[in-house]
Amino acid sequence: MQQVQGVIARSKGAPVELVTINVPDPGPGEAVVKVQACGVCHTDLHYREGGINDDFPFLLGHEAAGVVEAVGPGVTDVAPGDFVILNWRAVCGDCRACNRGEPWYCFATFNATQKMTLEDGTELSPALGIGAFIEKTLVAAGQCTKVDPDARAAAVGLLGCGVMAGIGAAINTGNVTRGTSVAVIGCGGVGAAAVAGSALAGAGTIIAVDLDDRKLEGAKKLGATHTVNAGAGDVVEAIQALTGGFGADVVIEAVGRPETWKQAFYARDLAGTVVLVGVPTPDMKVPDIPLIDVFGRGGSLKSSWYGDCLPSRDFPMLVDLYRQGRLDLDAFVSEEIGIGDIEVAFEKMHHGDVLRSVVVL
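In structure tokens form, the structure reads like this:
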């Protein structure tokens, strides 16, 4: 066992705390990873606010990259010294989804068996089964994806959640390809990544929609061909006007609200696709849309889970594209901060001042 410093949310809404944490030696199928960088994601704030569940205290942080320090018995895919991105989809290989050849939907993903604890023995709940606002974390070895060790940890670690969710929503879920017209509603970290993913796939028209002109400017740098300020008029009409009056082939909703999902529904072309990648709260309901419109417009209404990614397939590929200069992951890193600055980072994120603050250890 080791004792290291990490950041926890002790109770609902309370400021985060930097405390001493006990990290067990890795058991069968587990690995200890020395964390080099971890992004501050909105999901971490959801945990702190009790929006995920009530299993306090939480060890926050999950968008991370680092180096494997030790592995337990039976681990063969990674070894000490490997540079890895952590993921929260450790594919089981034997559930219904895996057995039908769709491991990116794995229904039985798993985490480390042992628990990290406070000094008094209180068990911690790691965010998304990772918990990476910490010097060293214990994870299931399947949560470690080996990538190019020359990549910048602060940038590629963001593939562990938000950036992968956005890129995957475009490429994996939305099937965006050459010449596709795309609209992305909401251009925070995930939406901006959906813009970048659409550009990477060769989309012809990429329309970024947001209320914040700063985010729209950022989306243009990542590949948006047009921008729409949602406060300046009817979003559906604006998207239709930019697509020959028809609507976009694919509309990606990256906010997670009924009103923006309804905009996405009507802003797509006939037989077009809506992708919901923004995470709604449990109290939100599908908006009141006539069933004849669902039938008459055809196409697909999809949810994107983690960008429908397969970490072993997608992470190395995207890191290679980053290393080649074809995917600007550095653009998502608004600032690098210390492990004691997370509460301030939450405030900046809440006010839309950053795409990502990244804790560098």
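Numbering (my numbering), first residue to last: 21 to 381.
Ideal Cβ placement from N, Cα and C applies to all residues, glycine included.
Simplified DSSP state of residue i, which is helix, strand or coil
i    : result
L290 : strand
E355 : strand
E143 : strand
C207 : coil
N192 : helix
Q134 : coil
Q344 : coil
G86  : strand
V374 : coil
I150 : coil
V24  : strand
D361 : helix
L349 : helix
L231 : coil
A161 : helix
A29  : strand
L242 : coil
F366 : helix
L321 : strand
F127 : coil
L106 : strand
V98  : coil
L338 : helix
V111 : coil
V167 : coil
Residue i versus residue j: straight-line alpha-carbon distance, rounded
i    : j    : result
V294 : P35  : 37 Å
A219 : R376 : 20 Å
V148 : L79  : For the record, residue 148 in the displayed sequence is Leu; it is not Val. The straight-line gap from Cα to Cα measures roughly 10 Å.
V27  : A203 : 37 Å
Y342 : V364 : 29 Å
V229 : Q260 : 13 Å
Q134 : K305 : 37 Å
V88  : E279 : 44 Å
C207 : G182 : 12 Å
N249 : V256 : 12 Å
With 16 other Cβ atoms within 10 Å as the buried cut-off, status of residue i
i    : result
V314 : exposed
S201 : buried
I272 : buried
K32  : exposed
I205 : buried
S323 : exposed
I191 : buried
E83  : buried
A128 : exposed
D75  : exposed
H371 : exposed
N107 : buried
Of the residues the options, the one placed nearest residue i, counting alpha carbons only
i    : options                   : result
D303 : V176, G71, G327 and A291  : G71
I41  : G59, F153 and V111        : F153
A252 : G59, E237, D233 and S332  : D233
E356 : V378, V339, L231 and Q22  : V378
V24  : D97, G49, K54 and G59     : K54
K235 : D254, T225, K305 and A213 : A213
P307 : M369, D340, A175 and K282 : K282
P100 : T247, N107 and V91        : V91
T165 : G327, G298 and G86        : G86
C329 : V297, D97, A268 and S354  : V297
R172 : A57, P48 and N73          : A57
Near the ligand HEM: residue i beta-carbon under 7 Å from a heavy atom
i    : result
N119 : Inclusion of the ligand HEM in the displayed structure is not the case, the ligand content being empty and no account of it being possible.
Short CB-CB distance (under 8 Å) between residue i and chain D
i    : result
H371 : Considering every chain present, this structure includes no chain D. It has just one protein chain.
With a floor of 4 residues, list each alpha helix (DSSP H) that falls wholly inside the stretch 32 to 75, ordered by position along the chain. 62 to 68
What residue ranges within the stretch 253 to 313 form continuous beta strand (DSSP E) runs of no fewer than 3 residues, ordered along the chain?
268 to 273 and 288 to 296
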